[in-house]
Amino acid sequence: MRTLCASTLIGEFFVIGFAGLVAMQTSDLSAGTVWAVSGTAMVLSVLLCGVLTRRGGVQLGWLLQLGLIASGMIVPTMYILGVVFAGLWWASVHFGRKVDAAKARFAAAQAEAAPESV
2 MRTLCASTLI GEFFVIGFAG LVAMQTSDLS AGTVWAVSGT AMVLSVLLCG VLTRRGGVQL
62 GWLLQLGLIA SGMIVPTMYI LGVVFAGLWW ASVHFGRKVD AAKARFAAAQ AEAAPESV
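With my numbering applied, the sequence shown corresponds to residues 2 to 119, in that order.
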């Protein structure tokens, strides 16, 4: 799960950065406002990669996704991105758990098949 969730968060980092550039050009918001919202979201997404394996890491990811949706009140582009990212986060968590279970079964099968070392 960590790999899929971390990949989603890094993808969010880049897309939010590019969305911030677009929002500055297409809206009447100041650059400071856009980067306060986008920059905060970008920093949080990278920091969250480091705490995914700790207790509550996935829940913090959900809080980030909700924060992205809520930031749409300030920068409307972020609302759309937040909804899309929440869907990606769900998929990362859901399918990441399945991948982890398959990896654990594979590792157990490999451990049983490996000859005992003395």
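Heads up, the beta-carbon is just placed ideally off N, CA and C, and yes, glycines get one too.
In this text, all values refer to a predicted model and were calculated from it rather than measured experimentally.
1. Would you mind sorting S93 into buried or exposed? The rule is 16 or more other CB atoms within 10 Å of its CB.
2. Once you ignore the five residues that flank A71 on each side, which residues in its own chain have a CB closer than 8 Å to its CB?
3. Taking Cβ to Cβ, would you say P77 is nearer than 9 Å to A37?
4. Taking contact to mean 3 or more Cβ pairs, one atom from each stretch, closer than 8 Å, check whether the stretch 37-55 and the stretch 10-21 are in contact.
5. Can you look up P77 in the DSSP assignment and give me helix, strand or coil?
6. Buried or exposed: which applies to V47, given that a residue is buried once 16 or more other Cβ atoms fall within 10 Å of its Cβ?
7. Please say whether L5 and F96 have beta carbons closer to each other than 9 Å?
8. Assuming contact is defined by CB atoms lying nearer than 9 Å, are L89 and E13 in contact in what I supplied?
Considering the structure as presented:
1. Position 92 of the sequence shown, counting from 1, holds the residue named residue 93. The residue is buried, with at least 16 neighbouring Cβ atoms inside 10 Å.
2. One-based indexing of the sequence shown puts residue 71 at position 70. Closer than 8 Å at Cβ, skipping near neighbours: G83.
3. Taking the first residue of the sequence shown as position 1, residue 77 is located at position 76. Taking the first residue of the sequence shown as position 1, residue 37 is located at position 36. No, the Cβ-Cβ distance between P77 and A37 is not below 9 Å.
4. yes
5. On the sequence shown, residue 77 is found 76 positions in, with the first residue counted as 1. Three-state DSSP puts P77 in a helix.
6. In the sequence shown, the residue the question calls residue 47 occupies position 46. Per the 10 Å Cβ criterion, exposed.
7. Residue numbering aside, residue 96 sits at position 95 when the sequence shown is read from its first letter. Residue numbering aside, residue 5 sits at position 4 when the sequence shown is read from its first letter. Cβ atoms of F96 and L5: closer than 9 Å.
8. Position 88 of the sequence shown holds residue 89. Position 12 of the sequence shown holds residue 13. Going by C-beta atoms, L89 is nearer than 9 Å to E13.
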